[in-house]
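A.B. asks: This is the structure, below, for whatever I ask next.
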């Protein structure tokens with residue numbers, strides 16, 4: 001799944017979808033999609049990621065207590 005970094009508009013390929021949808025995990029691992037070569041895995045804060053359309057991530061992916 002590709003997501004976008006809010007501040008730079010760079011794309012990130014998320015390597016573990018379970019990390020992304022788990023509201024108890026604040027950091028996800030992915031590969032920055034800069035350049036033509038495959039980049040190494042890096043860590044990204046969920047707070048700094050959005051969908052490529054600019055839409056925010058669902059609250060249930062970010063907040064374990066979203067129902068309260």
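In full-length UniProt numbering, the protein residues as written are 1 to 68.
Every residue gets a Cβ at the ideal spot worked out from N, C-alpha and C, and that includes glycine.
1. What separation, rounded to the nearest whole angstrom, lies between the Cα atoms of residue 39 and residue 66?
2. Looking at residue 2 and residue 11, is the spacing between their C-beta atoms short of 9 Å?
3. Bridge partners for residue 44 per DSSP, in chain order?
4. Would you mind sorting residue 54 into buried or exposed? The rule is 16 or more other CB atoms within 10 Å of its CB.
5. Excluding the 5 residues flanking residue 64 on each side, which residues of the same chain have their C-beta closer than 6 Å to its C-beta?
C.D. replies: In short:
1. In the chain shown, residue 39 corresponds to position 39, counting from 1. In the chain shown, residue 66 corresponds to position 66, counting from 1. Taking the straight line from one Cα to the other gives about 34 Å.
2. Taking the first residue of the chain shown as position 1, residue 11 is located at position 11. Taking the first residue of the chain shown as position 1, residue 2 is located at position 2. Yes, Cβ-Cβ distance for residue 11 and residue 2 is below 9 Å.
3. The residue you call residue 44 lines up with position 44 of the chain shown. 28.
4. Stepping through the chain shown from its first residue, residue 54 is reached at position 54. Its Cβ having fewer than 16 others within 10 Å, residue 54 is exposed.
5. On the chain shown, position 64 is the one that residue 64 refers to. Result list for residue 64: 23, 24, in chain order.
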